[in-house]
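From first to last, the protein sequence lines stand for chains A and B. Read left to right, the first sequence gives residues 1 to 472 (our numbering). Read left to right, the second sequence gives residues 1001 to 1472 (our numbering). Okay, structure first, notes after.
There are 2 protein chains.
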Amino acid sequence: MSELTGGLSVASTKLAEIVGPEHVLQGDAIGARYTQDLWGGERIGDARLVVRPGTVEEVAAILRLCDGAGQPVVVQGGMTGLVGAGLPDANELVLSLERLDRVEDVDPTTRTMTVQAGVTLQAVQEIAAQHDLVFPLDLTSRGSCTIGGCVATNAGGNRVLLYGMTRELVLGVESVLADGTVVDGLHKLPKNNAGYDLKHLFIGTEGTLGVVTRAVLRLRPAPRTQQVAFCGVPSFDAAVALLHRLQADLPGMVSAFEAMWDSAYALVLPHRDEVRIPLAGRHPLYVLVECSGSDPGTDGDRFTAALAGCDELIAEAALGQEPVEVRELWRVRERIPAEALRIHPLFGFDVSLPTGYIAEYVERVEKDLRAHWPAVDLVVFGHLGDGNVHFAVLTGETTMEKKPLVEEIVYGNLAPYGGSISAEHGIGFEKRPYLRHTRKQAELDLMRRLKHALDPHGILGPGRVFPLEESP
Amino acid sequence: MSELTGGLSVASTKLAEIVGPEHVLQGDAIGARYTQDLWGGERIGDARLVVRPGTVEEVAAILRLCDGAGQPVVVQGGMTGLVGAGLPDANELVLSLERLDRVEDVDPTTRTMTVQAGVTLQAVQEIAAQHDLVFPLDLTSRGSCTIGGCVATNAGGNRVLLYGMTRELVLGVESVLADGTVVDGLHKLPKNNAGYDLKHLFIGTEGTLGVVTRAVLRLRPAPRTQQVAFCGVPSFDAAVALLHRLQADLPGMVSAFEAMWDSAYALVLPHRDEVRIPLAGRHPLYVLVECSGSDPGTDGDRFTAALAGCDELIAEAALGQEPVEVRELWRVRERIPAEALRIHPLFGFDVSLPTGYIAEYVERVEKDLRAHWPAVDLVVFGHLGDGNVHFAVLTGETTMEKKPLVEEIVYGNLAPYGGSISAEHGIGFEKRPYLRHTRKQAELDLMRRLKHALDPHGILGPGRVFPLEESP
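What follows is the structure in structure tokens.
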């Protein structure tokens, strides 16, 4: 067994028999794409062996081999995750799905698209648009993130408010279990109560119960109009009131409601060369409202009338009705995470709680942090309409050492609101120590029971979400 | 152990210690509510012992006792199911959740309602309305069916088109596992990616993986306007075109699109004393379109303008804009299943397939049936907007003997369309032999693997959905 790579228990030659030698990478041939996520975070993985299957059958053969040998496997998509789930440990085989990149079927009759796991979200969006349809999932990382990753993490993003998370946008999933069994659940029907709905075992379980290889995506009719207002608002309560008023006045049309605290907006201001700043003044909070409709004749007037009716809730607004204007206003919002992810060391969070309490929660966190770091600053933004905010904590620290203290404060303050430590990013390694803040012991035990049932040798993404053996 | 009821392996005295003797029923004290479903079908259960817990802790204690003794249990809600899952076998303990009938919390901040499993759907609807909110799930059996049953069967109904099935309307579930473990997953957040989303283990699994004891329901703002048009249409294709046209013209507003073949409409005509017949003529097909909106000033005009724009697709229409008119038109549609369920012997079906192919499918089924029964008639109706039709087959048979032949034809014809043998009613006992028509072997194996993991002694609803041991 001289061909074994140090620490691994499957031989590269065996893998090469399955996928061909050119798709097994070792040593210097392993590029940064397999060891780092796209954000270039603090944590870097150690990849010794990478395999790139080209078919589902190859995925199955690889997993059969690994399951027999007790070889841990980490699945990789676009490496845009924020919780470290895709970063390999030295003893793990990297299973990259990058070659499963085919769009297999677009079916306007059922409004579905069937794609392989490695297809990017942006490719799906563009192909849907060619059929006058839309796949409503939308993330800033759309150009790199893959459908397999979106499914495995139940991705959220900008339009959950109107269309739901990935879970609601996927009709069927094909997965490969740890033992190599291919579970073909590529159903296309919105109503199907014929037995257990197995796709939920693979959606949002971060690759720990099976490898998602294909998905049937649910498409929607493309809206005929899309308008955006970028508003400076006088207070958090005004933003919430604006949300509810517009949802009531424009039912089924408010497709995004994004908020930015002034600290987040400030991150974009230095980049006027690349981003057009829409407002003249500064405000406590900014919101980007997107309205999607079907009537080019009247939607513009309806949207401006609805906004005019909320006059006292808006200090200043910029309206975008042409596609180029809409894109320009979105660019302000989208620049924020790009800038926030450049903060080092990054103490970043993604929490959810009932919308109305978000400002109170942020204030409590800030107050508790200030007891330790008097000059602390929070960069806050996110999907206000979904009760989901992201924030970065700037303590002035230069290392990650104090992160656990920050985390205790951030997560500890969620309890009175019934909040979640992860609205959309998942758990991975990053948030594992805090899962108890959100989930009961019986829930954790049941998760582990599922894991043992579907992956008895624990080869799939071991340690992601919860440790395999001890109490999490 | 003289107190053991024949065939059962837990003693009534042990159960009485848990729930009090008045809530353990035996012999003549067991009424028809525990042995028959509300439809009075051909199949009647045999209940020897009934236990009626009043708390979740009592449910847990009962299941612990049964799990230890290997005692099979059948859970009962409102007994409105159509696939026989709630009917007891003589060796099963009936676990009736009728006493878990409390609405525990209505939270307008999060737009949620937390209820115990035995609360009826109608009670939930009425309480939501008191808060100017709506729980959009709606079934003809609303007055009897319970939330526990709706969750366990992932109920569909009249407004799936706009709001989704029960799965989409439930944020959290509390369940008791076979071994008595209470899994409290009563989350209220629409976005929560903190670990596996366990509620999907209990939604739509027909009580075979756990007993649903509480649920957090997602409420929506009540629509301010509701209008209905009852239309006679010249053809199936006209009905589909009407659906797509109205959905495009009134996005987010078409909340129901129900179809009735003339054979179904004919069932209502003899009941003019109770149901006002809205149209003067007879047509190949009828549709009931419901439009829900938020603007009392303009919604009426928008709806009538949209209908007027579809003039060539509608032969005759009756419009209901006042609540009493809306209710009258719905009554026509709702009378149909009530009448269809009185057909004896009832060969009834609930299938889904891509909407555009429904008429073609029905014609193929009719043609194949006619080869055996030249005078066969099909009573067809259902949720056309969801690709879901119900139908009763009238062969002229007087016994159920030939049902398997009818079923083979009905289910066999689904394959070319990728259809499902159960859109919303579930599998239970009734459709178990045909699950293979819709699901792959690997899916069936995975269902069984889940069942063994969560209920290793097989005490929960044994034999529902699939047989425990052999290949299904």
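We put the beta carbon where it would ideally sit given N, CA and C, even for glycine.
Return the residue from the list B:Ala1129, B:Glu1174 and B:Ile1427 that minimises the CA-CA distance to Ala194 of chain A.
-> Of all alpha-carbon atoms in B:Ala1129, B:Glu1174 and B:Ile1427, the one lying nearest the alpha-carbon of Ala194 of chain A is that of B:Ile1427.
Entirely enclosed alpha helix (DSSP H) segments - the region 142 to 168 of chain A, minimum 4 residues | DSSP runs (the alpha helix (DSSP H)) wholly in the region 142 to 168 of chain A: 147 to 153 and 160 to 163.
Buried versus exposed, by CB contacts within 10 Å (16 or more), Lys1188 of chain B | buried
If we ignore side chains and look at the alpha-carbon of each, how far apart do Leu121 of chain A and Ser144 of chain A end up?
-> 7 angstroms
Hey, quick one: how far does the beta strand (DSSP E) through Asp368 of chain A stretch, first residue to last?
-> Note, Asp368 of chain A: premise wrong, no beta strand (DSSP E); alpha helix (DSSP H) at Ile358 to Arg370.
In its own chain, which residues sit with a C-beta less than 6 angstroms from the C-beta of Leu1468 of chain B, not counting the 5 before and 5 after it?
-> Gly1458 and Pro1462
On the premise that Gly1180 of chain B lies in contact with Ala1061 of chain B, defined as a C-beta separation below 8 angstroms, what is that separation, rounded to the nearest angstrom?
-> 7 angstroms
Considering only C-alpha positions, which residue in the set A:Ala392, A:Leu171 and A:Asp138 is nearest to Ile343 of chain A?
-> A:Ala392
Proximity test, Cβ basis, 7 angstroms: Asn1193 of chain B and chain D | No chain D appears in this structure, whose protein chains are A and B.
Where Tyr1434 of chain B sits in the DSSP three-state scheme = helix
Identified DSSP bridge partners for Trp1261 of chain B | B:Leu1285
To which residues does DSSP link Asp377 of chain A through a beta bridge?
-> A:Leu394
Which chain B residues sit within Cβ distance under 7 angstroms of Asn388 of chain A?
-> Lys1191
Gln227 of chain A classed as buried or exposed, judged by whether at least 16 other C-beta atoms fall within 10 angstroms = buried
Cα separation between Val183 of chain A and Arg448 of chain A?
-> About 21 angstroms.
Applying the criterion that 16 or more other CB atoms from any shown protein chain within 10 Å of the CB defines a buried residue, is Arg333 of chain A buried or exposed?
-> With a 10 Å radius around the Cβ and a threshold of 16 neighbouring Cβ atoms, Arg333 of chain A comes out buried.
Which residues bound the alpha helix (DSSP H) around Gln1226 of chain B?
-> Run containing Gln1226 of chain B: none in the alpha helix (DSSP H); it sits in the beta strand (DSSP E), Thr1225 to Val1233.
Quick one: give me the first and last residue of the beta strand (DSSP E) that Val1010 of chain B is part of.
-> It is not in any beta strand (DSSP E) - Val1010 of chain B carries neither H nor E in the DSSP assignment.
Cβ neighbours of Thr1140 of chain B in the same chain (closer than 6 angstroms, five flanking residues each side left out) = Cβ within range, chain order: Glu1334 and Pro1337.
Can you find a C-beta in chain A that's less than 7 angstroms from the C-beta of Thr1225 of chain B?
-> no
Buried or exposed (CB count within 10 angstroms, at least 16 for buried), Val1324 of chain B = exposed
Cys66 of chain A - DSSP class collapsed to helix/strand/coil = Helix at Cys66 of chain A.
Please work out which residues of its chain come closer than 6 angstroms, Cβ to Cβ, to Leu1004 of chain B, disregarding the five sequence neighbours upstream and downstream, and give them in chain order.
-> Ala1011
Spell out whether any CB of chain B is found under 7 angstroms from the CB atom of Arg439 of chain A.
-> Using a CB distance cut-off of 7 angstroms, Arg439 of chain A counts as an interface residue toward chain B.
With 9 angstroms as the C-beta to C-beta threshold (strictly closer), list the residues of the region 404 to 438 of chain A near chain B in chain order.
-> Gly418, Gly419, Ser420, Ile421, Ser422, Ala423, Glu424, His425, Gly426, Ile427, Lys431, Tyr434, Leu435, His437 and Thr438
Hey, would you say Val1376 of chain B sits closer than 7 angstroms to Val1389 of chain B, going by beta carbons?
-> In this structure, Val1376 of chain B sits away from Val1389 of chain B, with a CB-CB distance that is not shorter than 7 angstroms.
For Met253 of chain A, go through chain B and note every residue whose CB falls closer than 8 angstroms to its CB, in chain order.
-> Pro1251 and Gly1252, listed in chain order.
Using a beta-carbon distance below 7 angstroms, is Pro512 of chain A in contact with chain B?
-> Absent from the structure is residue 512 of chain A, since the part of chain A shown begins at 1 and ends at 472.
Contact list for the region 132 to 149 of chain A against chain B, Cβ threshold 8 angstroms = none
Below 8 angstroms between beta carbons is the criterion; list the residues of the region 1293 to 1310 of chain B that meet it against any residue of chain A, in chain order.
-> Near chain A, meaning a CB-to-CB distance below 8 angstroms, the residues of the region 1293 to 1310 of chain B are Gly1293, Ser1294 and Asp1295.
How would you list, in chain order, the residues of chain B whose beta-carbon sits under 9 angstroms from the beta-carbon of Met165 of chain A?
-> Pro1190, Lys1191 and Asn1193
Find the residues of chain A that neighbour Ala1359 of chain B, judging by a C-beta separation of less than 7 angstroms, and give them in chain order.
-> Simply none; closest approach about 14 angstroms.
Whose CA, out of B:Glu1092, B:Ile1044 and B:Arg1331, lies closest to the CA of Val1275 of chain B?
-> B:Arg1331
Beta carbon of Ala259 of chain A nearer than 7 angstroms to that of Leu384 of chain A | Cβ atoms of Ala259 of chain A and Leu384 of chain A: closer than 7 angstroms.
Please look up how many angstroms separate the CB atoms of Lys191 of chain A and Asp1386 of chain B, rounded, as I've assumed it's under 8 angstroms.
-> About 5 angstroms; that satisfies the 8 angstroms criterion.
Length of the line joining the Cα atoms of Gly1081 of chain B and His1425 of chain B = 7 angstroms
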